[in-house]
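Numbering (this note's numbering), first residue to last: 1072 to 1270.
Cβ atoms here follow ideal geometry from the backbone N, Cα and C, with glycine treated the same way.
Here the structure is a predicted model, which means the values were calculated and not measured.
The structure under discussion appears below in the form of structure tokens.
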Ligand SMILES: [Zn+2]
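What follows is the structure in structure tokens.
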């Protein structure tokens, strides 16, 4: 058996397992969770089998977000829930129980038993800056790899796109590492804590 045949969510999509659908479009379907954390708990999934968000094509991701927007609006209207959590869990460490990517849409009510606790950890500005550098570098390297593949002809594109890619590649190869925006000398002094407090 393939993974798709064994997958609970794929079986729901195929209609082999009955479900309470509340929303469907070309690429996604949303069903009521039969063990709801709260009243109106919805599971939103892509119809194609994907384990994590990284492999979901962009057009389907767009459909997922459009669906999430529509579903949260309707839930808010009919359930009068004062809050909603949208949760995507990747990997068992993060609490993923089924190997088919899903977004749980959980209406929240005062005094419900759902716990979504995100602790405020401790770090320092230097450590944050180092993390930012590593992540930005990885993004740059991945983009440069893509642009080089276009330049070499390994990835086929139109001549206009190829010219744009070559220009972008030249600009990226000249780029220097970003300055630490948290260092005193680089800051139009806005305290990170003050910004966070406004949210
Ligand atoms: Zn599946």
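Which residues DSSP lists as bridging residue i, in chain order
{"i": "residue 1174", "result": "1115"}
{"i": "residue 1157", "result": "1176"}
{"i": "residue 1094", "result": "1101"}
Own chain partners of residue i with C-beta closer than 8 Å, once the 5 adjacent residues on each side are dropped
{"i": "residue 1218", "result": "1236, 1237, 1239, 1240 and 1243"}
{"i": "residue 1156", "result": "1175, 1176, 1177, 1179, 1185 and 1187"}
{"i": "residue 1122", "result": "1170, 1171 and 1172"}
{"i": "residue 1104", "result": "1112, 1113, 1114 and 1175"}
{"i": "residue 1142", "result": "1093, 1094, 1101, 1113, 1115 and 1176"}
{"i": "residue 1202", "result": "none"}
{"i": "residue 1075", "result": "Note that residue 1075 scores 48 on pLDDT, short of 50, meaning its location in the model is unreliable and no value can be drawn from it."}
{"i": "residue 1211", "result": "1243 and 1246"}
Neighbourhood of residue i by C-beta, 6 Å cutoff - its chain only, sequence neighbours within 5 removed
{"i": "residue 1135", "result": "1099"}
{"i": "residue 1154", "result": "1179"}
{"i": "residue 1220", "result": "1226"}
{"i": "residue 1079", "result": "1169"}
{"i": "residue 1183", "result": "1109"}
Neighbourhood of residue i by C-beta, 7 Å cutoff - its chain only, sequence neighbours within 5 removed
{"i": "residue 1096", "result": "1134 and 1138"}
beta-carbon residue i near ligand 2 non-hydrogen atom, thresh 7 Å
{"i": "residue 1239", "result": "Summarising the ligand content, the structure contains ligand 1 and does not contain ligand 2."}
Environment of ligand 1 in chain order, Cβ to heavy atom below 5 Å: 1078, 1080, 1081, 1120 and 1171
- Any contact of the segment 1077-1091 with the segment 1126-1133, i.e. 3+ C-beta pairs under 8 Å? no
**Q.** Cβ contact check for the segment 1166-1175 and the segment 1095-1115: 3 or more pairs under 8 Å
**A.** yes
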